[in-house]
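Colleague: Residue numbers (the numbering used here): 2 to 279. All C-beta atoms in this analysis are idealised placements derived from N, C-alpha and C, irrespective of residue type, glycine included. Because the structure is a prediction, the values reported are computed rather than measured.
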DNA sequence: CTAGCTTCCTGATAGC
DNA sequence: TGCTATCAGGAAGCTA
């Protein structure tokens, strides 16, 4: 389940393999994953374009094309982008194939088919992908205590849900919200309007730090990415809270607990992240 | 305005 | 063994 650090890893691995290649053919195997424009137009407009580079905004990837058009991808839960030789067997759940000028193929696989592609003509504003509604990147300097407090307002919803709100901060999902709250020693269920100044300070510091740490820990070579078939982002072993129910807290040794926030599994330390002042 | 629910999907796993 | 139920979760869309 890619969040910002994993999406950034995909970008770093794929960009050097794609930049400079020309898209010679497009096979839309499942039109469901093409959100804009219609699949036929999507394919015909892409053919002949040269890939200039690859960017990222939140969890969105953006392939920049030579004529100024832009191919935007959101992997959602199970989307994977793979570069494969054309003779490699086409795996189950392959929905889109871009045939490239060096003979390789960029393939999109997605078991749950939640992921989407959007293609924007040069100068065409992106008003449909949801990208324009994103809040600042986690490393953006505007992400101050004052900003977070203003976003929280009088909301009583759990702080974890505020971190999930892509219009507040871009790129945080269920895993990294647990990691950030663990690092900041804030209980995931704590209502937004009840955090004290120290908690806001720690949270504002933890957001950029934990996301940057996630990207560093995620570093992998193209060979490793290929071996894992784009499925393994190595995002489990370095985590300190997520998925570690019953394991000792790395700070105090107390067994970590699991709870539900909304409908999401949440892992936290009952000693370091006490629910007080509510 | 916000909170809360449903929808989209498949596959892994649990329980009977 | 084979069935059903549950869970995993990003984000949009809906209702109250």
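1. Check whether the region 252-266 and the region 191-208 touch, using three or more Cβ-Cβ pairs below 8 Å as the test.
2. Output needed for residue 252: all residues of its chain with C-beta closer than 6 Å, excluding positions within five of it in sequence on either side, in chain order.
3. List the endpoints of the continuous beta strand (DSSP E) containing residue 260.
4. Say whether the region 29-42 touches the region 55-63, bearing in mind that this needs 3 or more beta-carbon pairs closer than 8 Å, one atom from each stretch.
5. Would you call residue 193 buried or exposed, if buried means 16 or more other Cβ atoms sit within 10 Å of its Cβ?
6. Taking a contact to mean a Cβ-Cβ separation below 8 Å, would you say residue 139 touches residue 189 in this structure?
7. Please work out which residues of its chain come closer than 8 Å, Cβ to Cβ, to residue 68, disregarding the five sequence neighbours upstream and downstream, and give them in chain order.
8. Please look up how many angstroms separate the CB atoms of residue 70 and residue 120, rounded, as I've assumed it's under 8 Å.
9. Out of 99, 259, 212, 8, state which residue places its alpha-carbon closest to the alpha-carbon of residue 80.
10. Compute the distance between the beta-carbons of residue 6 and residue 216, then report whether it is under 8 Å.
11. For the region 22-32 against the region 93-107, do three or more pairs of beta-carbon atoms, one drawn from each stretch, fall closer than 8 Å, so that the two count as touching?
12. Does residue 136 pass the burial test, meaning 16 or more other C-beta atoms within 10 Å, or should it be called exposed?
13. Does the beta-carbon distance from residue 184 to residue 267 come in below 8 Å?
Modeller: According to the structure data:
1. Between the region 252-266 and the region 191-208 there are fewer than three C-beta pairs closer than 8 Å, too few to call the two in contact.
2. Start at 1 with the first residue of the first chain, and residue 252 comes out as number 251. Only 273 meet the Cβ criterion.
3. Numbered from 1 along the first chain, position 259 holds the residue referred to as residue 260. Residue 260 -> beta strand (DSSP E) spans 258-262.
4. Using a C-beta cut-off of 8 Å, the region 29-42 makes no contact with the region 55-63, since fewer than three inter-stretch Cβ pairs fall below that distance.
5. Here the question's residue 193 lines up with position 192 in the first chain. Buried: at least 16 other Cβ atoms inside 10 Å.
6. Within the first chain, numbered from 1, the residue matching residue 139 stands at position 138. Within the first chain, numbered from 1, the residue matching residue 189 stands at position 188. Not in contact: residue 139 and residue 189 (Cβ atoms no closer than 8 Å).
7. As a first step, residue 68 is located in the first chain; it is residue number 67 there, counting from the start. So the list reads 50, 123, once near-sequence residues are dropped.
8. Stepping through the first chain from its first residue, residue 70 is reached at position 69. Stepping through the first chain from its first residue, residue 120 is reached at position 119. About 7 Å; that satisfies the 8 Å criterion.
9. Along the first chain, one-based indexing puts residue 80 at 79. When each option's Cα is compared against that of residue 80, the closest is 8.
10. In the first chain, residue 6 corresponds to position 5, counting from 1. In the first chain, residue 216 corresponds to position 215, counting from 1. Contact: yes.
11. In short, these stretches touch, since the Cβ pair count reaches three.
12. Residue numbering aside, residue 136 sits at position 135 when the first chain is read from its first letter. When all chains shown are included, residue 136 counts as buried.
13. The sequence position of residue 184 within the first chain is 183, counting from 1. The sequence position of residue 267 within the first chain is 266, counting from 1. Their beta carbons are not under 8 Å apart, which means residue 184 does not touch residue 267 by this criterion.
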